[in-house]
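Number of protein chains: 2
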Amino acid sequence: MKPKAQITMFTVVLGVSIVLNFFSFGRLYLNSDDDPDLTWTEDAAEEAEAVASIKCSGHGMAFLDGLVSVEGKPVCECHACYTGPDCAGVIQGCFIEADSGDPMFLEPFWMQHASGSTIVLAPWHRMSYDLGDGSLISKELETRIHKLHEITKNANTDGKYIVFGAGSTQLLNAAVHALSVDNDPAASRVVASTPHYPGADRILDSDNYDFNGDTYTHKNDIGNFIEFVTSPDNPDGQLRKGILEGSNVKRIHDFAYYWPHYTAIPYPTDEDLMLFTLSTLTGHGGSRFGWAIVKDKAVYEDMLKYMSLSTYGVSKETQLRALKLLDVVIATAGREMFDFGYSTMKERWGKFSKVLSMSKRISCQQFDPLRFCNYFQELKGPTPPFVWLKCEREEDVDCNAVLKLVNMIDWP
Amino acid sequence: MKPKAQITMFTVVLGVSIVLNFFSFGRLYLNSDDDPDLTWTEDAAEEAEAVASIKCSGHGMAFLDGLVSVEGKPVCECHACYTGPDCAGVIQGCFIEADSGDPMFLEPFWMQHASGSTIVLAPWHRMSYDLGDGSLISKELETRIHKLHEITKNANTDGKYIVFGAGSTQLLNAAVHALSVDNDPAASRVVASTPHYPGADRILDSDNYDFNGDTYTHKNDIGNFIEFVTSPDNPDGQLRKGILEGSNVKRIHDFAYYWPHYTAIPYPTDEDLMLFTLSTLTGHGGSRFGWAIVKDKAVYEDMLKYMSLSTYGVSKETQLRALKLLDVVIATAGREMFDFGYSTMKERWGKFSKVLSMSKRISCQQFDPLRFCNYFQELKGPTPPFVWLKCEREEDVDCNAVLKLVNMIDWP
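Chains as they are written, first to last, in UniProt numbering: chain D, 1 to 412; chain G, 1 to 412.
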């Protein structure tokens, strides 16, 4: 090759090399301000991404604290009726347990919103019993809950107090104590309208107080009553108000399902004691987080006292998680999550109704007509996360036995 | 320049450029196996490291869910008696609240062990109410607890059952229910030996059952008793056994302080119902995690039932955190944490005793002589996390008033 041609070739190769160098140096060092090197969080982040990358066919998941192989590697934990190392196998003759709900339908939503709602929890995060100010309740989380109800238009929280609990189960116990005469649960009768979900009487009929059954049977009774009102009701999906009247009647309103993915929101509720839970809002039942919105200061203080004696408040890591999840919900004024939730529920009801319409033996509850939803600003029907089945044939006295024929098990 | 010299120069520059390219490409792409690029965890990791890097002079901390500035940036939350943006200011005339404990002395240990015990919590982690198998108790965590007692030699857990609770507070309530005649807490008398910590009677004298005061006053009584035994006892630091005898006496043993940082471990305890808590073991009081070790299957099942009705188990994020923390403890057979904990407590007792020895007005409890610790394999004295003060002058009837003179406030 002639020297001139050689020089031209060198110039080109050198040019390419220098350009590549600029590119590499740029990627390595110039982005460092936006993208700092991680130190103590890196191993945990890699571990979490590795566990999340394990494929379980959409019928299971591997967890950081889950089952591990003999080599100590996390493995898939399969959903009911699935099996195999990647959960791709179907267990023949498997029974579906239809006895209680687990709002896992929102799991795909959270997988789509991983980066905004992931938490890196340092081992020194909130080690103290309280939050520095002697309180067991995160002020930041309290603010988010007010904001959440404001954007969802499902409850008026103005001037009301907020108590945190480990799910609405604990808050219900706290509320019964606080509303009882002299804080003695035995001095009041606790009632709930039928139909109610099978879990309600288990919880209400606990050691601490007697559950006196259906509200309607006490409509004309005199005495101290605590009326438990679930709205929308589980299992019939109807919006409900209290039934008993009089100054000796106190009410606990369970609004676990009063969110736009399950029902039209015709008005913001404005009751004296309202319970909500993260389980049905974001699908995080495992976190055991709920809150009560309380009008009366004395009731609020009694509930705080109960929480303090029962568990000394709610775990700080749970409060942090709830905060991060609500931040994601609030960021789009709830639209992304409620749109996802409502459309998923609607699609499932579509499929379910189609299958049920083919049967003359089993039917389900009739729903209220469409109502105007102040949140979605349009007419919506109920899309509850439960169904109330009925066996239509007179000879089918044992409806559970009929369900068993199609591999479903109801409340044992 | 002559073409030959030009070629030589080009060759050298090109050589350097290519070497640099190899270096950069190597750093950018070849390390990818050891150090994979993070995706959805990166923002959270950066946020956590940024919050952790905020300097608060060792007298405070900034938190992910903590106070924020008007610009929305996390700011220092100062410990009691400190103030200012970096907590460097001392509040003059500030009172020290000596009414209850908060085992924050282990915080520096966890800051030194950040990378092994940090958790990256995906928003889809354990959303379900249960752990897939219908259980509310992580099998992995249960295994670690058995291992922990085995290495610490402080409790025999062989063949015993484990129940998780939100701190030992909830487990104490669960145990009283389970041990009561017909599960009715009113049918048994609950007693504890004096001296006991001021919180004990608040908890024991709750709505659900009556606290019948000091065990000694019932030594010759007949009837159903539940005896609450704290060992080492708070506040006197002594190892204790039960006092009442007979087949109608059931015992709940609170071993919150039976760990090598607080006491010599002369033998593994082997009682029927033993309570432990993460608060005093690792210092994570805010997590509300404790466990009961139970010999009798029926009592275990009753406690599980109570846990299910009270809060439907313990938050899954808390269980994951406890697992990670115990893994760090177990990795060195407890040595690193217990060495740190014991030497910190010993140093503090040294300083405290020196100050106290200068006073003739206030004294503290006398300690048991040194005992052989099976864990440390040497003689150790007690180094409890509490002190039992006594006012020596006859005229100092109100000991609290004396403490107030030196800016300390006891139980209000």
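In this text, a Cβ means the ideal position worked out from N, Cα and C, and glycines have one as well.
| Query | Result |
| --- | --- |
| Backbone CA spacing between D/Ser32 and G/Gly58 [nearest angstrom] | For D/Ser32, the predicted structure reports a pLDDT of 44, less than 50, and the residue's modelled location is therefore unreliable. A value from the coordinates is still provided. Their backbone Cα atoms lie some 28 Å apart in a straight line. |
| Within-7 Å CB hit, G/Val402 to chain D | no |
| Residue interval of the alpha helix (DSSP H) (run including D/Tyr300) | Lys297 to Ser310 |
| Beta-carbon proximity of D/Cys94 to D/Gly60, cut-off 7 Å | no |
| Span of the alpha helix (DSSP H), counted from its first residue to its last, around D/Glu49 | Glu42 to Ala52 |
| Contact set between G/His196 and chain D, taken where Cβ atoms lie within less than 7 Å | The contacting residues do not exist; G/His196 stays about 16 Å from chain D at best. |
| Identity of the residue in D/Pro384, D/Asn154, D/Ile119 and D/Gly89 nearest D/Gln238 by Cα | D/Pro384 |
| CB contact check: G/Tyr312 to chain D, cutoff 7 Å | yes |
| Residues that G/Ile318 contacts on chain D, provided the C-beta gap is smaller than 7 Å | The question names Ile, yet the displayed sequence has Thr at residue 318 of chain G. Simply Ser315, Glu317 and Thr318. |
| Contact with chain D by G/Leu323, beta-carbon distance below 7 Å | yes |
| Secondary structure of G/Glu97, DSSP reduced to three states | strand |
| Neighbour list for D/Ser138 in chain G, Cβ cutoff strictly below 9 Å | Asp65 and Gly66 |
| G/Phe109 - containing alpha helix (DSSP H), residue span | Glu107 to Gln112 |
| Under the three-state DSSP convention, the category D/Asn154 falls into | coil |
| Nearest-angstrom Cα separation, counted from D/Ser363 out to residue 488 of chain D | This structure cannot speak to residue 488 of chain D, because chain D is shown only from 1 to 412. |
| Short CB-CB distance (under 7 Å) between D/His284 and chain G | yes |
| Contacting positions in the segment 92 to 108 of chain D - beta carbon closer than 7 Å to chain G | Asp102, Met104 and Glu107 |
| Residues near D/Ser117 by beta carbon distance below 7 Å, same chain, minus five either side | Trp110, Lys324, Leu325 and Val328 |
| 7 Å Cβ cutoff met for D/Val402 and D/Met303 | no |
| Pairwise C-alpha distance: D/Ala174 and G/Gly350 | 44 Å |
| Within-7 Å CB hit, G/Asp327 to chain B | Chain labels in this structure do not include chain B; the protein chains are D and G. |
| Beta carbon proximity, G/Thr41 to chain D, threshold 7 Å | yes |
| Cβ neighbours of D/Gly213 in the same chain (closer than 7 Å, five flanking residues each side left out) | Val191 |
| Any chain D beta carbon closer than 7 Å to G/Trp124 | yes |
| Within-7 Å CB hit, G/Ala166 to chain D | yes |
| Between the CA atoms of G/Phe372 and D/Pro412 - distance to the nearest angstrom | Because the pLDDT of D/Pro412 is 49, which lies under 50, any placement of that residue in the model is unreliable, and the number read from its coordinates should be weighed accordingly. Rounded to the nearest angstrom, the two C-alpha atoms are 54 Å apart. |
| Pick from D/Ala45, D/Ala292, D/His253 and D/Glu42 that is closest to D/Gly242, judged by C-alpha positions | D/His253 |
| 7 Å Cβ cutoff, D/Leu389 in contact with chain G | no |
| 4 or more residues per run - each alpha helix (DSSP H) lying fully within the segment 163 to 232 of chain G | 167 to 179 and 198 to 204 |
| Chain D within 7 Å of G/Trp110, Cβ atoms only | yes |
| With 16 other Cβ atoms within 10 Å as the buried cut-off, status of G/Leu64 | buried |
| Segment contact flag, the segment 276 to 283 of chain G with the segment 247 to 265 of chain G, C-beta cutoff 8 Å, min 3 pairs | yes |
| Cross-chain neighbours of G/Lys146 in chain D, by beta carbon under 9 Å | The question names Lys, yet the displayed sequence has His at residue 146 of chain G. Going along chain D, no residue has its Cβ under 9 Å from G/His146, so there is no contact; the nearest lies around 16 Å. |
| Beta-carbon neighbours of D/Glu394, restricted to chain G and to distances below 8 Å | Correct list: empty, because the minimum Cβ distance to chain G is about 35 Å. |
| C-beta neighbour in chain D for G/Arg240, strict 7 Å | no |
| Neighbourhood of D/Gly290 by C-beta, 7 Å cutoff - its chain only, sequence neighbours within 5 removed | Gly165, Gly167, Ser168, Leu171, Leu275, Phe276, Thr277 and Leu278 |
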